[in-house]
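Residue numbers (my numbering), protein chains in the order written: chain A, 84 to 197; chain B, 776 to 888. Report on the structure given below.
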Amino acid sequence: GNSVTQMEGPVTLSEEAFLTINCTYTATGYPSLFWYVQYPGEGLQLLLKATKADDKGSNKGFEATYRKETTSFHLEKGSVQVSDSAVYFCALIPSGGGADGLTFGKGTHLIIQP
Amino acid sequence: DVKVTQSSRYLVKRTGEKVFLECVQDMDHENMFWYRQDPGLGLRLIYFSYDVKMKEKGDIPEGYSVSREKKERFSLILESASTNQTSMYLCASSLTGGAYGYTFGSGTRLTVV
Numbered sequence: 084g085n086s087v088t089q090m091e092g093p094v095t096l097s098e099e100a101f102l103t104i105n106c107t108y109t110a111t112g113y114p115s116l117f118w119y120v121q122y123p124g125e126g127l128q129l130l131l132k133a134t135k136a137d138d139k140g141s142n143k144g145f146e147a148t149y150r151k152e153t154t155s156f157h158l159e160k161g162s163v164q165v166s167d168s169a170v171y172f173c174a175l176i177p178s179g180g181g182a183d184g185l186t187f188g189k190g191t192h193l194i195i196q197p
Numbered sequence: 776d777v778k779v780t781q782s783s784r785y786l787v788k789r790t791g792e793k794v795f796l797e798c799v800q801d802m803d804h805e806n807m808f809w810y811r812q813d814p815g816l817g818l819r820l821i822y823f824s825y826d827v828k829m830k831e832k833g834d835i836p837e838g839y840s841v842s843r844e845k846k847e848r849f850s851l852i853l854e855s856a857s858t859n860q861t862s863m864y865l866c867a868s869s870l871t872g873g874a875y876g877y878t879f880g881s882g883t884r885l886t887v888v
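Put into structure tokens, the structure is as follows:
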């Protein structure tokens with residue numbers, strides 16, 4: 084079946100540090116890949132997505148590149164802020180659409196210290 | 776701005792009560808989903824629906840049922856609430872296929888005492 088693996092953390096960084104959160108997946112074909120962010124007490128918000136190999140999704144200074152050869156979709160940001168503190172979820176939908184919903188990783192808790 | 780609205784942010788219910796969690800979307804999405812989120816377990820799919828009056832079991836449907844009488848509304852029902860159903864419940868919707876992503880509500884934190 085489909086699966087998503089990501090570091091669970093917590094990951095603690097200082098403000099302005101470089102961020103990488105690793106995400107690898109298992110799925111047949113070419114799934115669509117997503118990063119969602121959940122701020123404290125809130126639901127999930129779509130942060131960025133990529134629908135085919137070598138696509139780069141970007142939003143709010145975050146980027147992730149769909150790497151088919153390594154089945155990865157790592158999230159990066161060059162300079163994090165305290166306001167980026169949240170839980171980040173990597174997720175996929177199988178190619179052709181997912182009849183039973185997104186497959187999520189378990190989430191990475193990111194803490195940014197001033 | 777497109778929205779998924781969950782009727783309550785916080786609920787406290789007693790063991791054995793019948794509990795209704797309501798979710799409404801205004802995007803004319805075909806698909807709707809209910810997840811629960813627990814520390815260390817991530818998000819787990821309870822039920823989903825791809826059309827009015829249609830429903831499919833997710834990974835953890837036991838103890839839950841759902842209703843979708845109108846396209847915009849998807850209700851999660853706890854027939855007899857138990858303490859192990861204390862959790863954060865998240866509703867989401869998507870277009871058919873879901874390749875453009877899902878839109879989530881703000882969540883309902885349910886405590887069963």
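For glycine and all other residues, C-beta sits at the position ideal for the given N, C-alpha and C. Just so you know, these numbers come straight off a predicted model, no measurement behind them.
For A/Phe117, the enclosing beta strand (DSSP E) has its first and last residue at 115 to 121. No Cβ of chain A is located within less than 7 Å of the beta carbon of B/Phe849.
The beta carbons of A/Tyr149 and A/Asp138 sit about 5 Å from each other, so the pair counts as a contact at 8 Å.
The CB of B/Leu865 comes closer than 8 Å to the CB of Gly126, Leu127 in chain A, given here in chain order. DSSP lists A/Ile195 as the bridge partner or partners of A/Leu96.
A/Lys160 is a Cβ neighbour of A/Gly144, given a cutoff of 7 Å. Sequence-ordered contacts of the region 826 to 840 of chain B with chain A read Glu831, Gly833 [C-beta pairs closer than 8 Å]. Taking the C-beta atoms as reference points, B/Val779 is found no nearer than 7 Å to B/Thr886. Only Thr134 from the region 133 to 150 of chain A bring a Cβ to less than 8 Å from some Cβ of chain B. Within chain B, no residue has its CB atom less than 7 Å from the CB of A/Gly112, the nearest being about 12 Å off. Comparing alpha-carbon positions, the option among A/Leu102, A/Leu127, A/Gly112 lying closest to A/Phe187 turns out to be A/Leu127. Look at A/Asp167 here: in three-state DSSP terms it is helix.
Comparing alpha carbon positions, the residue from A/Glu125, A/Phe117, A/Trp118 closest to B/Gln812 is A/Glu125. Look at the beta carbons and you see the region 839 to 856 of chain B not touching the region 84 to 98 of chain A: under three pairs across the two are nearer than 8 Å. As the crow flies, the alpha-carbon of A/Pro93 is around 20 Å from that of B/Met863. Within the same chain, Cβ atoms closer than 7 Å to the Cβ of A/Ile176 are found at Pro114, Ser115, Leu185, the five residues on either side in sequence being excluded. Spatial neighbours of B/Thr858 in its own chain (CB-CB distance under 8 Å, excluding positions within 5 residues in sequence) are listed in chain order as Thr790, Val887, Val888. Counting of Cβ neighbours within 10 angstroms places B/Phe795 among the exposed residues, the total staying below 16.
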